[in-house]
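Protein chains in written order, with our numbering: chain A, 2 to 223; chain B, 2 to 223. The structure under discussion appears below in the form of structure tokens.
Number of protein chains: 2
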Amino acid sequence: MAVVKLFGTWLSPYVYRVIWALKLKGIPYEYIEEDFSNKSPLLLQYNPIHKKIPVLLHDGKPICESTVILRYIDEIWPQNPLLPADPYDRAVALFWIKFADDKSHLLSKLYRTEGEEQEAVVKEWLEMLKAMEEHALIGGKRFFGGDEINMVDIAFCMVAHWLGLIEDFAGLKIFEPHKFPRVSSWIQNFKSVPVIKDNLPDTDKMLGLLKHRREMLRSKSN
Amino acid sequence: MAVVKLFGTWLSPYVYRVIWALKLKGIPYEYIEEDFSNKSPLLLQYNPIHKKIPVLLHDGKPICESTVILRYIDEIWPQNPLLPADPYDRAVALFWIKFADDKSHLLSKLYRTEGEEQEAVVKEWLEMLKAMEEHALIGGKRFFGGDEINMVDIAFCMVAHWLGLIEDFAGLKIFEPHKFPRVSSWIQNFKSVPVIKDNLPDTDKMLGLLKHRREMLRSKSN
Numbered sequence: 002m003a004v005v006k007l008f009g010t011w012l013s014p015y016v017y018r019v020i021w022a023l024k025l026k027g028i029p030y031e032y033i034e035e036d037f038s039n040k041s042p043l044l045l046q047y048n049p050i051h052k053k054i055p056v057l058l059h060d061g062k063p064i065c066e067s068t069v070i071l072r073y074i075d076e077i078w079p080q081n082p083l084l085p086a087d088p089y090d091r092a093v094a095l096f097w098i099k100f101a102d103d104k105s106h107l108l109s110k111l112y113r114t115e116g117e118e119q120e121a122v123v124k125e126w127l128e129m130l131k132a133m134e135e136h137a138l139i140g141g142k143r144f145f146g147g148d149e150i151n152m153v154d155i156a157f158c159m160v161a162h163w164l165g166l167i168e169d170f171a172g173l174k175i176f177e178p179h180k181f182p183r184v185s186s187w188i189q190n191f192k193s194v195p196v197i198k199d200n201l202p203d204t205d206k207m208l209g210l211l212k213h214r215r216e217m218l219r220s221k222s223n
Numbered sequence: 002m003a004v005v006k007l008f009g010t011w012l013s014p015y016v017y018r019v020i021w022a023l024k025l026k027g028i029p030y031e032y033i034e035e036d037f038s039n040k041s042p043l044l045l046q047y048n049p050i051h052k053k054i055p056v057l058l059h060d061g062k063p064i065c066e067s068t069v070i071l072r073y074i075d076e077i078w079p080q081n082p083l084l085p086a087d088p089y090d091r092a093v094a095l096f097w098i099k100f101a102d103d104k105s106h107l108l109s110k111l112y113r114t115e116g117e118e119q120e121a122v123v124k125e126w127l128e129m130l131k132a133m134e135e136h137a138l139i140g141g142k143r144f145f146g147g148d149e150i151n152m153v154d155i156a157f158c159m160v161a162h163w164l165g166l167i168e169d170f171a172g173l174k175i176f177e178p179h180k181f182p183r184v185s186s187w188i189q190n191f192k193s194v195p196v197i198k199d200n201l202p203d204t205d206k207m208l209g210l211l212k213h214r215r216e217m218l219r220s221k222s223n
């Protein structure tokens with residue numbers, strides 16, 4: 002049987018995308034925790050362009066970029082498909098996956114900015130939530146693709162879990178459930194899926210690390 | 002027969018990606034030129050999230066985002082495939098397509114910036130060219146995927162044609178062929194493909210428009 006290895010860090014939403022996909026497919030894998038501050042020679046060898054996690058190693062061959070890894074996993078292991086079978090529905094799913102991916106930078110921007118700059122980031126978050134609410138989650142669906150979780154839900158994981166953490170950390174309130182009722186229901190549905198619920202980073206540990214990082218950044222800039 | 006329509010503007014590299022893919026597949030289509038300064042109600046209806054071209058309309062259903070459109074075209078019309086058949090090779094191709102797409106913003110940044118800010122953009126261009134030269138075009142290939150043009154070549158069209166135009170316009174020299182011999186050969190190979198050669202925006206018209214836009218931007222900022 003082919004050997005599957007995943008290089009990640011315990012708090013990255015990009016890594017959780019891959020963990021969930023592998024678990025939804027029932028694929029056993031070896032997980033290798035990378036050190037942010039001291040990247041391993043293997044990581045640099047497998048992802049020489051971006052030098053970033055996640056990297057999936059399948060039969061000794063590396064695949065980089067979380068959304069590319071998700072597509073690969075779905076093609077190699079077709080059970081519990083993560084994309085719709087119909088080509089048009091698949092194109093719509095890929096549109097939203099790209100949308101989610103293109104907005105991912107907004108997460109770290111939230112706690113790395115202040116004042117007017119942060120206000121602009123918050124505005125972008127609200128536009129993103131509005132697009133999800135008014136265009137992607139219409140029609141009374143439990144998930145983006147209908148009754149089952151798929152790759153679009155996984156791609157939007159930042160909104161379901163990481164945003165709330167950053168809000169707590171930064172003392173912001175961006176996501177107000179009554180303003181985005183469909184997104185709010187979707188978050189509940191998403192986090193009630195056993196594979197998701199049972200595989201999320203520890204909140205206290207994450208808040209502790211964010212505080213540590215902020216102090217590091219501030220001491221550097223002083 | 003299904004009706005295929007393409008909403009675009011005559012100078013956009015994102016639109017040319019779609020034009021080339023349709024022509025490589027031999028798919029007849031109706032082209033609708035959009036006005037940058039006065040977007041049509043149809044465009045806003047078909048792409049309510051980004052309000053941008055290109056939009057492909059197939060059997061009345063809209064598909065947005067050039068790389069999503071390319072995937073859709075390749076699935077609907079399988080002749081002259083634009084992605085490798087092997088799942089791992091396909092993942093590598095998708096990695097580079099995402100890489101090219103994530104760098105696309107560097108094009109307009111080149112002529113919208115000055116001084117130190119422009120120097121940072123030039124540095125990013127050089128890093129991109131280095132990655133193409135040292136990682137993507139190795140092994141004596143004519144194109145990114147081997148002997149035939151594929152979706153990766155199409156995705157990198159900015160480098161093959163638009164960069165040179167912006168260099169002329171901005172009085173910059175970023176791409177020096179002797180520093181990137183593989184990229185240089187690839188550009189020649191790419192632009193010798195009849196579908197590419199016969200379908201490129203007019204250089205003089207493009208330079209004229211860029212000058213006009215710059216004047217507009219300057220008069221606004223004064």
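By construction, the Cβ of each residue, glycine as well, lies at the ideal position given by its N, Cα and C atoms.
Local Cβ density within 10 Å of residue i, reported as buried at 16 or more and exposed below that
i, result
"K104(A)", "buried"
"S220(B)", "exposed"
"N39(B)", "exposed"
"N48(B)", "buried"
"M159(B)", "buried"
"S217(A)", "Ser is not the amino acid found at residue 217(A); the sequence shown has Met there. Exposed, because fewer than 16 other Cβ atoms sit within 10 Å of the Cβ of M217(A)."
"D148(B)", "exposed"
"E117(B)", "exposed"
"V16(A)", "buried"
"E66(B)", "buried"
"D102(B)", "buried"
"F37(A)", "exposed"
"V19(B)", "buried"
"D75(A)", "buried"
"V153(A)", "buried"
Best match in the options for proximity to residue i [C-alpha to C-alpha]
i, options, result
"R72(B)", "H179(B), I155(B) and L208(B)", "I155(B)"
"H59(A)", "K52(A), A86(A), I28(A) and H51(A)", "I28(A)"
"V8(B)", "K26(B), L44(B) and L25(B)", "The sequence given here has Phe at residue 8(B), not Val. The shortest Cα separation from F8(B) among K26(B), L44(B) and L25(B) belongs to L44(B)."
"F176(A)", "E125(A), R214(A) and F145(A)", "E125(A)"
"G1(B)", "L111(B), V194(B) and V5(B)", "The first residue shown for chain B is 2 and the last is 223, placing residue 1(B) beyond what the model contains."
"N151(B)", "K24(B), W11(B) and V4(B)", "K24(B)"
"V194(A)", "K206(A), A171(A), F144(A) and W163(A)", "F144(A)"
"S1(B)", "R215(B), I188(B), G146(B) and P202(B)", "As shown, chain B starts at 2 and ends at 223. That puts residue 1(B) outside it, with no answer to give."
"E120(B)", "K40(B), P42(B) and K174(B)", "K174(B)"
"L138(A)", "H162(A), E66(A) and F181(A)", "F181(A)"
"L107(B)", "D87(B), W97(B), I98(B) and M129(B)", "M129(B)"
"V122(B)", "S109(B), A132(B) and T204(B)", "S109(B)"
"H162(B)", "W187(B), L95(B) and G172(B)", "W187(B)"
"R215(A)", "R91(A), A171(A), K206(A) and H179(A)", "A171(A)"
"V5(A)", "G61(A), G209(A) and E168(A)", "G61(A)"
"L83(B)", "P178(B), N190(B), S41(B) and A22(B)", "A22(B)"
"K52(B)", "A132(A), K212(A) and T114(A)", "A132(A)"
"R113(B)", "I167(B), N190(B) and V196(B)", "I167(B)"
"Q46(B)", "Y30(A), H136(A), H213(A) and T204(A)", "H136(A)"
Interface residues of chain B facing residue i [CB-CB closer than 8 Å]
i, result
"V69(A)", "A92, L95, F96 and K99"
"K62(A)", "Y89"
Listed by chain order, chain A residues near residue i by CB distance under 8 Å
i, result
"P88(B)", "Y73, E76 and I77"
Chain A residues whose Cβ lies nearer than 7 Å to that of residue i
i, result
"E66(B)", "F96 and K99"
"I139(B)", "Within chain A, no residue comes near I139(B); the closest Cβ sits about 12 Å away, beyond 7 Å."
"A132(B)", "I50"
"H136(B)", "P49 and I50"
Anticipated Cβ contact below 8 Å, residue i with residue j, distance rounded
i, j, result
"E134(B)", "V184(B)", "5 Å"
"I64(A)", "L57(A)", "5 Å"
"T10(B)", "E35(B)", "5 Å"
"P55(A)", "I33(A)", "Incorrect: roughly 10 Å between the Cβ atoms, too far for contact."
"P85(B)", "G146(B)", "6 Å"
"K26(B)", "W78(B)", "4 Å"
"N198(B)", "K192(B)", "Per the sequence shown, the amino acid found at residue 198(B) is Lys instead of Asn. 6 Å between Cβ atoms; contact."
"F169(A)", "L127(A)", "Correcting the residue identity first, residue 169(A) is Asp in this sequence and not Phe. Rounded, the Cβ-Cβ distance is 18 Å, inconsistent with contact."
Per-residue contacts from residue i into chain A (C-beta, under 9 Å)
i, result
"P55(B)", "Chain A residues near P55(B): none, gap ~13 Å exceeds 9 Å."
- Task: Quick one: which unbroken alpha helix (DSSP H) runs of 4-plus residues sit fully inside the region 21-97 of chain B? Chain order, please.
- Result: 42-47 and 67-77
- Message: Runs of 4 residues minimum, wholly inside the region 126-176 of chain A: which ones carry the alpha helix (DSSP H) assignment?
- Response: 152-156 and 164-171
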